[in-house]
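So the protein lines, in turn, are chains A and B. For the first sequence, the working numbering begins at 788 and goes up steadily by one. For the second sequence, the working numbering begins at 788 and goes up steadily by one. Read the structure below first, then the notes.
Protein chains: 2
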Amino acid sequence: MNIQFKKGVLEICVLSVLAHKDCYGYELVNEISKRIDISEGTIYPLLHRLKDEGHVTTYLQESAGGAPRKYYRLTESGRKEEHEQKEEWMQFCASVNALLEGKNHAAD
Amino acid sequence: MNIQFKKGVLEICVLSVLAHKDCYGYELVNEISKRIDISEGTIYPLLHRLKDEGHVTTYLQESAGGAPRKYYRLTESGRKEEHEQKEEWMQFCASVNALLEGKNHAAD
DNA sequence: CACAGTATCTTGCGTTGCAAGGTACTTACC
DNA sequence: GGTAAGTACCTTGCAACGCAAGATACTGTG
């Protein structure tokens, strides 16, 4: 899969999954991987960025086997961001598809 | 507009426009700018890359006012690439949209 | 004890788009 | 003639992002 396509999109993917339920990082990788190939080296820096920007908060929870899980929960600002980026993505998608279909004039 | 969304997509946009007609660089910027914000500093390196990879050939043509125009024409390999990247983009788009809609299971 | 599985994190690299700047030609205006 | 604006090309250095690779730590199994 074209790595470049993913740039910026993984962020809205993470926000969108978190909008449905709180997740820990490893879980997010598994969820998103069902649709889009993603690695751990990508998700953790992304989650830290989202936390720095105030879009998520975290809380620890013990796990049956293995290290304790760090859950991520969307904040109000995170929900707003999710909504805005979703709109932006759909608008972008429509623009690209119009271009690929040869409808090159904005006035169509 | 989110700059990151464009990564990799501008290449298929250029290939797609060139699949309809030969264009010169400045023209491509104008065509694509109707839908997606793009600058000259992006398009020229991209065109050189496409030429290096053998996806386009070039020919010069005089212009009424201003510098001579360098037209870009898709090669066979370029047409193949256009087709493949278009498929890939549409597949990617569908995956992302499924994720954003909460259909997180590949078996849906 | 060694290994696999779960779960987190960091470092350095490659790719790509962009702002900013430069070149060169033509037309229009003063 | 000089200056500006428009057309058209190009290059350099920067910033953002995803990834491979590796490190850490805990649990359960052989």
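Note that beta-carbon positions come from the ideal geometry of N, C-alpha and C, so glycine has one too.
Between Leu802 (chain B) and Glu868 (chain B), the beta carbon gap of about 6 Å places them in contact (Cβ cut-off 8 Å). For Lys838 (chain A), the enclosing alpha helix (DSSP H) starts and ends at 827 to 839. If you ignore the 5 residues before and after Thr845 (chain B), its C-beta comes within less than 7 Å of the C-beta of Lys838, Lys857, Tyr858, Tyr859, all in its own chain and listed in chain order.
Between the alpha carbons of Ala881 (chain B) and Ala851 (chain B) lies a gap of roughly 44 Å.
From the listed residues A:Cys800, A:Lys793, A:Cys810, A:Ala806, the smallest Cα separation to Pro855 (chain A) is found for A:Cys810. Around the CB of Gln872 (chain A), 16 or more other CB atoms lie within 10 Å, so the residue is classed as buried. Any Cβ of chain A closer than 9 Å to the Cβ of Glu875 (chain B) would place that residue at the interface, and such an atom is present. Note on geometry: alpha-carbon atoms of Val804 (chain B) and Thr862 (chain B) lie some 13 Å from one another. Leaving aside the five residues that flank Ser864 (chain B) on each side, the residues in its chain whose CB is nearer than 7 Å to its CB run, in chain order, Gly841, His842. The C-beta of Val804 (chain B) comes closer than 9 Å to at least one C-beta of chain A.
For Ser850 (chain B), no Cβ of chain A is located within less than 9 Å of the residue's own Cβ. For Ile823 (chain B), the closest Cβ of chain A is nearer than 9 Å. Secondary structure of Arg860 (chain B) (DSSP, three-state): strand. Gln791 (chain A) places its beta carbon less than 9 Å from that of Gly795 (chain B).
Residue pairing by DSSP puts Val843 (chain B) in a beta bridge opposite B:Leu861.
When CB distances to chain A are screened at a threshold of 8 Å, not a single residue of the segment 838 to 866 of chain B falls below it.
Chain-order list of chain B residues neighbouring His870 (chain A): empty, with the shortest C-beta distance near 11 Å, by a criterion of under 9 Å. In this structure, Tyr831 (chain B) and Gly812 (chain B) form a Cβ contact; the two beta carbons are roughly 6 Å apart against a cut-off of 8 Å. By the C-beta density criterion, Arg822 (chain A) is buried, having at least 16 other C-beta atoms within 10 angstroms. Arg866 (chain B) has its alpha-carbon roughly 15 Å from the corresponding atom of Gly889 (chain A).
In the DSSP assignment, Gln791 (chain B) falls within the unbroken alpha helix (DSSP H) covering 790 to 793.
Leaving aside the five residues that flank Asp824 (chain B) on each side, the residues in its chain whose CB is nearer than 7 Å to its CB run, in chain order, Met788.
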